[in-house]
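J.:
Numbering (the UniProt record's numbering), first residue to last: 1 to 236.
(1) Grab me the residues of residue 124's own chain with a C-beta within less than 8 Å of its C-beta, minus the 5 sequence neighbours each way, in chain order.
(2) Look at residue 20 and residue 93 and say whether their C-beta atoms are less than 8 Å apart.
(3) Going by C-alpha distance, which of 87, 146, 106 is nearest residue 49?
(4) Straight-line CA distance for residue 156 to residue 171?
(5) Quick one: what does DSSP say residue 70 is sitting in, helix, strand or coil?
(6) Please name the residue in 147, 33, 131, 89 whose C-alpha comes closest to that of residue 73.
(7) Leaving out the 5 sequence neighbours to the left and right, which residues in its chain are closer than 7 Å to residue 190 when beta-carbon positions are compared?
(8) Residue 44 and residue 8: beta carbons closer than 8 Å?
(9) DSSP three-state call for residue 95: helix, strand or coil?
(10) Quick check for students: name the residue ranges of the alpha helix (DSSP H) that lie wholly in the UniProt domain "Tetracyclin repressor-like C-terminal" (81-203), counting only runs of 4 or more.
(11) Am I right that residue 89 and residue 173 are in contact with their C-beta atoms under 8 Å? What's the rounded C-beta distance?
(12) In whole angstroms, give me the CA-to-CA distance for residue 108 and residue 13.
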């Protein structure tokens, strides 16, 4: 991670604390809390809102950075990769829990703009599926924007659960993330659909139905029964 990105993350994290004490904090007060100049901040961000927005984006930047320290990440199963994504984000959110509880809906769920967090989250999910060789062949049909958006919406649900979780160290939230990841893996690792397609293909290629339909002389029977009458006359 480059020096500028690290500084941007440091500024955005400090801004979450300033926001809790005064949601209309000034750039000058934020700069003073970090012992840097206002110009240093304006060189990186145009306004207060962009700083707070970047906080959410930076959670996924940190997640990507964490993957470089996982030597065996490529060997992870689909469930393990998804669980790592969900838990890394939850751990990061825990450090600024009050800010998340105050702003997540506004800045992530309900944001009508092109939201960086949502975009990066869906990109990460897509990469996880794309690079998993164990995912069933037939599931590629449903691996699209609708699936990524569906998992994002489910993540919003996980955050809602986490926001109410009073268990020790949010153990219930971690358990939910694990069970959810395992459930997704069961769906996309199953070979039942693949076997169904293979069976259908075999029957189609080898059945009399296929031979009839591909026969040049094949005609569907007439609903009015005229074909049947003509055939009867031929046999008289």
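Note that beta-carbon positions come from the ideal geometry of N, C-alpha and C, so glycine has one too.
T.: Considering the structure as presented:
(1) 60, 63, 64, 85
(2) no
(3) Comparing Cα positions, the closest option is 106.
(4) 18 Å
(5) coil
(6) 131
(7) Within the same chain, residue 190 has close Cβ partners 136.
(8) yes
(9) coil
(10) 97-104, 116-130, 145-164, 171-189
(11) Not confirmed; about 11 Å, so no contact.
(12) 17 Å
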